[in-house]
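Be aware that the sequence shown starts at 97, since it is given in this note's numbering, and climbs by one per residue.
By construction, the Cβ of each residue, glycine as well, lies at the ideal position given by its N, Cα and C atoms.
Report on the following structure.
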Amino acid sequence: MFILTDGKNYVMENPMKSGEYMITTSSSMAKNFTYKQARSLVQNSRKKYSWIKKYSLIDVDTGQKSDKSLYYRGNANIYTGDEGNFDYALLDKIESEANSILGLAGWDDNQLITYKNLLNSALSKCDSAESDINHALEKYKKVHNGKKPQAHKVAKIGYLLDDIRDKHRKIKQCIRYVTVMSDAIDRSYTIEKIKLELSKVSDGEYKGRTQYWKIANDILED
């Protein structure tokens, strides 16, 4: 491995931004390069890094200036000092990512339209179910002169409503997901863009809008 120095200053990698380099007076902060990396940095330096061209290549093991030229254009010995630098775990990551993509169903726009229609129909059914239950409660109070149902009946109705509302929430979430997938086809999203847009429409933590949010939570936590 090698470092780049002018005898007083050293090249270090910006700890906050990989691939960006800066000057340091601390030898312990100097970036360890392979010959190929150091040569590439010096030869391809933009104006921003023109100062690096004045630096020398120092062998970390000997502490001496290397006889390897930073301006050599051939390929001989470019991997010297590079042994063990490659992390083969990267291969597993790439294979895992590829297998994840291959495992996707890869729905086309027609399939997504079909799913969205089915979801909208199911959502409408949930809305009707909740409306039916609310009207049943109103009917009970009307028939019984404003009297509310007994606690055990209210509890059963509550569980029934909760089940319907849970389905309603999941259906709406899936509609948002399908919409993003459809947009991804129409607008040629990259995988990274698809992930970003899906994360944006994912359910977040609910924020109460009235005093009833606190009242309800106080009752539930009591």
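Short of 6 angstroms in beta carbon distance, which residues of its chain neighbour residue i, apart from the five on each side in sequence? Order them along the chain.
i: I290; result: A280
i: R135; result: L166
Out of curiosity, what's the CA-to-CA distance linking residue i and residue j?
i: E116; j: W203; result: 40 angstroms
i: N241; j: L233; result: 12 angstroms
i: D228; j: V250; result: 15 angstroms
i: K143; j: L219; result: 59 angstroms
i: L215; j: Q207; result: 12 angstroms
i: S65; j: Y285; result: The requested residue 65 is not part of the displayed model; the chain covers only 97 to 318.
i: E317; j: W309; result: 12 angstroms
i: E193; j: D258; result: 38 angstroms
i: K132; j: Y151; result: 15 angstroms
i: L294; j: V276; result: 7 angstroms
Sorry if obvious, but does the Cβ on residue i come closer than 7 angstroms to a heavy atom of the ligand ATP?
i: N241; result: Looking for the ligand ATP in the displayed structure turns up nothing, as the structure carries no ligands at all.
What is the DSSP secondary structure of residue i, counted as helix, strand or coil?
i: Y145; result: helix
i: Y131; result: helix
i: S152; result: strand
i: M125; result: helix
i: T275; result: helix
i: K296; result: helix
i: L100; result: strand
i: G254; result: helix
i: L137; result: helix
i: Q269; result: helix
Can you give me the Cβ contacts of residue i inside the same chain, cut-off strictly under 7 angstroms, excluding the 5 residues immediately before and after it?
i: S123; result: Y106
Residue i lies in the alpha helix (DSSP H); which residues open and close that run?
i: Y302; result: Element bounds for Y302: n/a, residue is neither H nor E.
i: T158; result: No alpha helix (DSSP H) holds T158; DSSP gives it neither H nor E.
i: Y211; result: D205 to V239
i: D188; result: A185 to L198
Would you mind sorting residue i into buried or exposed? The rule is 16 or more other CB atoms within 10 Å of its CB.
i: I315; result: exposed
i: V274; result: buried
i: M108; result: buried
i: Y302; result: exposed
i: I99; result: buried
Please return the same chain residues whose Cβ sits closer than 8 angstroms to the Cβ of residue i, not counting the five positions on each side in sequence.
i: D282; result: D205
i: I154; result: F98, I99, L100, T101, Q160, K161 and S162
i: M125; result: Y106 and M108
So the beta strand (DSSP E) residue i belongs to, where does it begin and stop?
i: E109; result: Y106 to E109
i: M118; result: Y117 to T120
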